[in-house]
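Mapping the sequence shown onto numbering that gives the first Met the number 0, position 2 (from 1) lands on 1, and the numbers just tick up by one. We put the beta carbon where it would ideally sit given N, CA and C, even for glycine. All figures in this text were calculated on a predicted structure; none of them were measured in a lab. Quick notes on the structure that follows.
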Amino acid sequence: MEIVSARDFRCNQGKYLIAARAGQSLLLTSRYGNFKITPVSEKDEIVERDIRMSCSEVKAHIEGKIELPRAKDIIF
Numbered sequence: 000m001e002i003v004s005a006r007d008f009r010c011n012q013g014k015y016l017i018a019a020r021a022g023q024s025l026l027l028t029s030r031y032g033n034f035k036i037t038p039v040s041e042k043d044e045i046v047e048r049d050i051r052m053s054c055s056e057v058k059a060h061i062e063g064k065i066e067l068p069r070a071k072d073i074i075f
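In structure tokens, the structure reads:
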């Protein structure tokens, strides 16, 4: 695991993101706390769950079962 300061990460983002994508563990340290940098995979449970839930909502909307908010109502 490589420990990287927020300043060094900002200056060398590409280098560190490529290393994380290759499987290297990175720990980013900053005044806001410590963060682990890892790539999101297609099988990532959180992403997969959110995508499935969103698809279910769209399907229910198309079938007329639910009403989705308009973008205008969400933004303003």
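Query                                                                                                          : Result
Quick check on the DSSP output: the beta strand (DSSP E) that includes ILE36 runs from which residue to which? : 32-36
If you reduce the DSSP assignment to three classes, tell me which class ILE2 lands in.                         : strand
Kindly indicate which three-state DSSP category SER24 falls into: helix, strand or coil?                       : coil
My output table needs one value for ALA29: the three-state DSSP class, helix, strand or coil.                  : Going by the sequence as given, residue 29 is Ser instead of Ala. Strand at SER29.
Decide if VAL39 is buried, meaning its Cβ has at least 16 other Cβ atoms within 10 Å, or exposed.              : exposed
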